[in-house]
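Working notes, beginning with the structure itself.
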Amino acid sequence: MGEFVVHRVRFFDYMPSAIRAMAFNGSTQRLAVARGDGAVEILNFADNYFQEKVIPGRSDRAIEALCWVRGRLFSAGLSGEIIEYDLEKLRPRYSMEAYGGPIWTISCNSQETLLGVGCEDGTVKMFEILEEGIQFQRNLDRQKGRIISLSWHPSGAQIAAGMIDMIRIFDAETGHATHRLLVERGVGTTRNTEVVVWSVAFLSNDTVISGDSAGKVQIWDAVTGTLIRSHLITKWDVLGLSVSQVCVRVLVGVCRCHCRVSLIVSVLQDESSMIAGTSEGTVVQFQALASTMGQENNQWVRTRTFKNHTHDVRALVHTDTAVVSGGMDTQLVVRPLLDKVEKNTQESALRKILFPHKSLVCCAKKAGLLLFQFPDHLELWRLGESSAKGQAGDRLPVMKNPEKLLQLQNKGEDHICCSAVSPCGSWVAFSTVSSVRLYKLQLGNGNISIKKVSKLPKELHSVHQLCFSSDSSRLFASSAQASVVIASLDQLQCKHLHTLKPKSGSSQPIHLLSASENGNWLAAAHTDGQIHVFNLHKLKLHCTLPVYSSCPTAIAIHPTTGHLLSAHADQQVSAAAPLLSSESQTVVCSCCASVAADLRVLPEAEGVHGVEPQPAEGGAASSVAAEGHAHHTHRLQPQQAGARLPARRVHVLHHRSESGTRRASRRSVLILFSSPTAVLNSINADKINQILTV
Amino acid sequence: MKPRERSHVDDFTTLGIMVKSKRGTTTASSKKSADTEKTSETLCQGLESSDDDAPEEVTFGDSKNEALRSLKLALDSAKREKELLKEKRRKRQELFQEQKKRKLLPAEVLEEIESASLKKVKESSAAEEDEAEETKSLMKRREKKRAEKHTRNLEGNYTVTTMKGGAAVSFQQKSAEDFLQSRLYGPGRLRTTNNQMLSLQNKRGSQKSAAVQFVKKDWALQQKAKAEKLKKRWIHKLQVPS
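For the protein sequence lines, the chains are A and B, in the order given. With the first letter of the first sequence counted as 1, position 472 gets the number 472 in full-length UniProt numbering; the numbers rise by one all the way through. With the first letter of the second sequence counted as 1, position 149 gets the number 149 in full-length UniProt numbering; the numbers rise by one all the way through.
Right, here's the structure in full:
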């Protein structure tokens with residue numbers, strides 16, 4: 001009999017949502033991605049493209065455009081409101097109604113003092129950016145027709161606005177429209193429909209580049225208002241444009257007596273590369289090259305075509321070394337440009353970010369239940385069972401199919417931020433931006449009953465992460481100011497016990513919580529890289545792990561030896577022993593694959609089963625890293641020969657079987673596979689549950 | 001020539017008759033002549049003996065006076081009519097004002113509200129609160145008469161209530177969404193489904209295989225369920241007698 005029984009679960013119908021808009025902040029190397037369901041994700045490009053923060057969406061919020069202003073994030077949507085986000089509390093800070101109807105675009109000038117929004121009623125509204133918020137300044141001349149796209153001239157004196165059938169150039173001081181550039185409609189039958197200028201870019205040499213729905217990228221002269229060049233790149237729409245920028249830090253020393261040095265970050269338009277995204281899924285790059293060597297007449301020449309997407313590409317962004325594109329096929333593709341990075345290195349590889357870096361599945365170990373988190377509801381499933389025995393590598397027949405026990409719908413429009421189920425399976429908790437809900441479950445023989453715990457302590461309000469203790473008596477919730485709230489769970493009551501606060505006032509949110517098996521320790525990880533370990537008996541901070549340059553993506557505490565294991569975004573797994581002695585030994589073992597997303601520790605095992613999403617080959621991989629010693633890897637191949645597409649992601653969890661002592665040595669391990677395309681999710685309705693033995 | 005002159009004179013005299021009849025003063029001679037003229041008019045076609053009479057002599061002064069009098073009469077009548085209308089309007093206005101006064105709050109309440117607002121400016125604490133409470137209580141009493149808290153009754157049969165429930169998507173937002181939808185997915189945009197695209201790839205590839213969704217599992221679900229039920233019932237029927 002093998003050591004583990006492996007469950008393969010394919011009934012998690014996770015549907016990602018389309019990428020609608022992106023904005024890159026060069027100074028902090030953060031990319032903000034707005035999804036179709038209203039969620040905003042922040043990815044840290046400096047840290048191996050790790051998805052640090054997720055601001056959950058709402059069912060009525062539709063974001064059309066994003067904009068970074070000095071580290072603050074603004075978004076605008078069809079609801080007519082400009083929303084500023086609080087990146088520490090992971091929620092909208094306030095929303096300001098622009099009173100112009102639905103807003104199509106938002107853009108800020110290079111001095112970062114004014115924010116321009118293009119509205120449905122044809123006005124371009126200027127908002128002044130203040131310390132605490134934004135304030136309406138004035139309207140530019142009202143036009144007949146909606147304003148679909150905006151772009152500021154780098155000097156801030158002029159604005160180009162793309163509308164339907166034309167582009168208007170405004171003078172930012174007076175507000176009057178100076179030029180009107182008429183865009184040609186398509187040929188043939190498309191001559192009847194109006195052409196929409198989906199995006200514009202204003203360059204510092206007074207040229208305007210526009211992409212429209214007839215498939216043309218056109219270059220205009222803004223001084224005379226004439227067309228310079230027109231490139232037809234596709235039969236369908238050109239949905240997005242992006243011009244490269246270079247972020248330059250300029251140090252300015254100030255007066256000697258104060259000894260103050262202020263750092264000014266100025267953004268210069270490099271303007272040598274421009275990308276256009278189409279409705280076909282191709283991204284076309286243009287570069288400003290001189291036609292003959294040595295001469296200065298730079299012309300925009302079409303150079304590369306990237307075909308990394310299957311559906312429309314709606315959002316494009318240039319970073320220092322790469323081109324980032326995202327669209328309807330929900331993938332984020334980072335393509336490093338080979339003239340900026342060295343060839344054949346880790347840096348120059350194409351990156352496709354498909355899955356969320358947050359764990360959406362929670363496992364109740366003792367009860368054999370799985371909790372799946374969807375944006376608007378939760379599903380609770382019981383795993384299937386098999387009573388047969390076999391050799392290592394055999395496929396066991398399923399005696400009892402997995403069944404869906406519960407679907408818990410969230411009332412209200414906010415999406416679910418985090419969820420957890422207790423190990424015994426009797427408590428389910430989830431939280432949204434506005435509230436936390438706790439339910440008590442009773443799993444009888446054939447029936448299931450659920451009761452809502454109505455009175456929750458008021459300290460549980462803006463929770464980013466939830467975790468139950470191993471004996472299901474305590475609920476741990478991460479709250480504002482990097483503190484952890486401990487609540488005790490009784491029959492149907494939840495009472496606040498204590499709030500754990502770390503010494504240093506770190507304001508970054510906690511994104512990982514892990515409680516030890518014996519109930520003594522709690523580990524909490526922040527998005528700035530710190531991991532705090534709290535002593536639950538003394539109810540105070542035990543130690544803080546050294547800040548590693550990379551953000552932790554998964555943490556776990558070994559039940560017997562007390563080691564703290566953490567997996568980081570740069571594919572390193574480190575084991576620290578802070579709990580036994582005050583000195584911490586960090587032993588770093590590297591794993592071969594990319595970001596680990598979940599860790600569980602098996603008792604009496606030689607080590608830790610790490611969890612990784614699958615690199616592009618095929619098959620499933622899990623690696624076992626022993627503390628401090630040689631590490632060996634086990635490769636599990638999916639036994640199903642007819643698998644159409646390889647598994648892309650593995651969660652390895654621990655499931656202690658409930659049967660008697662005879663099978664005490666046999667443990668079962670759960671593996672979750674998720675398929676990369678949504679098509680297969682809908683086709684694999686047969687919900688195969690396979691149990692493999694290893 | 002003669003009949004024409006006659007007709008002129010006829011008109012004049014008839015006008016004179018009309019004016020005079022209003023005033024109620026007549027002169028004998030003119031009356032007589034009016035009578036004879038009237039009778040002559042009635043017998044007009046046949047008899048023309050009255051037409052042979054010479055026209056009457058009316059002095060210039062008389063005619064002038066008559067003209068003036070007639071003008072005066074007209075002016076006076078117009079003035080009287082105006083005054084009558086004015087009276088009517090005044091009365092109506094008074095009636096409306098009375099009705100309005102009945103609708104407004106009693107004067108005492110208005111005074112109290114005014115004084116309350118003045119006192120707020122002058123910063124008094126307890127007295128102002130008391131008065132405010134009083135006015136509030138009065139307002140509440142009035143409000144209790146109404147059915148719901150959020151309704152107001154205007155003149156006529158209209159009520160205004162605040163909207164409850166989910167926020168309605170505004171017309172502008174709906175039209176913007178429709179525009180976006182029609183631009184990306186509307187007619188003229190040749191889009192295909194995942195199933196079609198992948199199936200064609202399967203058929204054109206080097207290893208030809210079946211379409212991705214070869215059997216549509218959700219086709220005629222209801223009919224299938226019905227058929228299942230019928231089958232169970234039939235089997236049960238067969239089993240029961242045996």
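Think of the CB as a built atom: it goes at the ideal place given N, C-alpha and C, for glycine as much as any other residue. From a predicted model like this one, the values you see are computed outputs, not experimental measurements.
Please tell me whether residue i has its Cβ less than 7 Å away from any Cβ of chain A.
i: Ala210 of chain B; result: no
i: Ala220 of chain B; result: no
i: Gln172 of chain B; result: yes
i: Leu176 of chain B; result: The amino acid at residue 176 of chain B is misidentified as Leu; the sequence shows Ala. It does: the Cβ of Ala176 of chain B has a partner Cβ on chain A nearer than 7 Å.
Which of helix, strand or coil does DSSP assign to residue i?
i: Gly175 of chain A; result: coil
i: Gln346 of chain A; result: coil
i: His357 of chain A; result: coil
i: Ala290 of chain A; result: strand
i: Asn25 of chain A; result: strand
i: residue 244 of chain B; result: Only positions 1 to 242 of chain B appear in this structure, which leaves residue 244 of chain B out of reach.
i: Ser110 of chain A; result: coil
i: Met197 of chain B; result: helix
i: Ile450 of chain A; result: strand
i: Ala227 of chain B; result: helix
i: Trp234 of chain B; result: helix
i: Val238 of chain A; result: strand
i: residue 712 of chain A; result: The requested residue 712 of chain A is not part of the displayed model; chain A covers only 1 to 694.
Under the assumption that residue i contacts residue j (Cβ atoms under 8 Å), give the Cβ distance between them as a whole number of angstroms.
i: Glu112 of chain A; j: Ser204 of chain A; result: At roughly 17 Å, the Cβ-Cβ gap does not stay under 8 Å, so Glu112 of chain A and Ser204 of chain A are not in contact.
i: Ile82 of chain A; j: Ile42 of chain A; result: No, Ile82 of chain A and Ile42 of chain A are not in contact; Cβ-Cβ is about 19 Å, not under 8 Å.
i: Ala420 of chain A; j: Phe468 of chain A; result: 6 Å
i: His179 of chain A; j: Ile164 of chain A; result: Contact flag wrong, Cβ pair sits at about 17 Å.
i: Leu239 of chain A; j: Asp312 of chain A; result: 6 Å
i: Ser462 of chain A; j: Lys89 of chain A; result: 6 Å
i: Ala482 of chain A; j: Gln508 of chain A; result: 7 Å
i: Val284 of chain A; j: Ile233 of chain A; result: 5 Å
i: Ile275 of chain A; j: His231 of chain A; result: Going by Cβ atoms, the distance from Ile275 of chain A to His231 of chain A rounds to 13 Å, so no, they are not a contact pair.
Going by CA-CA distance only, name the one from the options that's closest to residue i.
i: Asp86 of chain A; options: A:Gly225, A:Leu73 and A:Gln287; result: A:Leu73
i: Asn25 of chain A; options: A:Gly36, A:Ala34, A:Val6 and A:Phe45; result: A:Phe45
i: Glu52 of chain A; options: A:Lys451, A:Gly384, A:Glu517 and A:His357; result: A:His357
i: Ser129 of chain A; options: A:Trp300, A:Ile103, A:Gly116 and A:Thr123; result: Residue identity check: residue 129 of chain A is Ile in the sequence provided, not Ser. Ranking A:Trp300, A:Ile103, A:Gly116 and A:Thr123 by Cα distance to Ile129 of chain A puts A:Gly116 first.
i: Arg70 of chain A; options: A:Gln29, A:Ala34 and A:Ser151; result: A:Gln29
i: Thr499 of chain A; options: A:Ala477, A:Ser506, A:Gln493 and A:Ser516; result: A:Ala477
i: Val474 of chain A; options: A:Met126, A:Ala480 and A:Gln493; result: What sits at residue 474 of chain A in the sequence shown is Arg, not Val. Of the candidates A:Met126, A:Ala480 and A:Gln493, the one whose C-alpha sits nearest the C-alpha of Arg474 of chain A is A:Gln493.
i: Leu31 of chain A; options: A:Ala276, A:Ile531, A:Pro16 and A:Asn48; result: A:Asn48
i: Thr207 of chain A; options: A:Gln373, A:Thr560, A:Leu370 and A:Val223; result: A:Val223
i: Leu350 of chain A; options: A:Asn308, A:Gly101 and A:Gln373; result: A:Asn308
i: Pro154 of chain A; options: A:Cys108, A:Tyr439 and A:Arg93; result: A:Cys108
i: Met15 of chain A; options: A:His568, A:Phe374 and A:Gln572; result: A:Phe374
i: Met126 of chain A; options: A:Gly145, A:Val428, A:Glu132 and A:Tyr99; result: A:Tyr99
I'd like the list of long-range same chain contacts for residue i, defined as Cβ closer than 6 Å, with 5 residues on each side in sequence excluded.
i: Gln331 of chain A; result: Lys352 and Leu354
i: Leu182 of chain A; result: Met166
i: residue 762 of chain A; result: Residue coverage of chain A in this structure runs from 1 to 694, which leaves residue 762 of chain A outside it and unanswerable.
Suppose the cutoff is 7 Å on Cβ atoms and the five residues either side in sequence are ignored; what does the same chain contact list for residue i look like?
i: Leu536 of chain A; result: Gly519, Asn520, Trp521 and Leu522
i: Lys495 of chain A; result: Pro457, Ala487 and Ser488
i: Asn197 of chain A; result: Reading off the sequence, residue 197 of chain A comes out as Val, not Asn. If we look at Val197 of chain A and ignore the five residues flanking it on each side, its Cβ neighbours are Ile148, Ser149, Gly162, Met163, Ile167, Val183, Ser210 and Asp212.
i: Ser386 of chain A; result: Leu396, Pro397, Val398, Met399 and Ile691
i: Ala21 of chain A; result: Ala34, Ile63, Glu64, Ala65, Leu66 and Ala315
i: Ile219 of chain A; result: Thr207, Ile209, Ile228, Arg229 and Trp300
Enumerate in chain order the residues of its own chain whose CB-to-CB distance from residue i is below 8 Å, with the five nearest sequence positions on each side excluded.
i: Ile448 of chain A; result: Leu405, Leu406, Leu441 and Gln442
i: Thr432 of chain A; result: Pro56, Asn410, Gly412, Asp414, His415, Ile416 and Cys417
Compare the C-beta of residue i against all C-beta atoms of chain B and say whether one is closer than 7 Å.
i: Leu78 of chain A; result: yes
i: Pro375 of chain A; result: no
i: Ala515 of chain A; result: no
i: Gly101 of chain A; result: yes
i: Glu194 of chain A; result: no
i: Glu120 of chain A; result: yes
| Interface positions of the segment 519 to 548 of chain A facing chain C (Cβ-Cβ less than 8 Å), listed along the chain | Absent from the structure is chain C; the protein chains it does hold are A and B.
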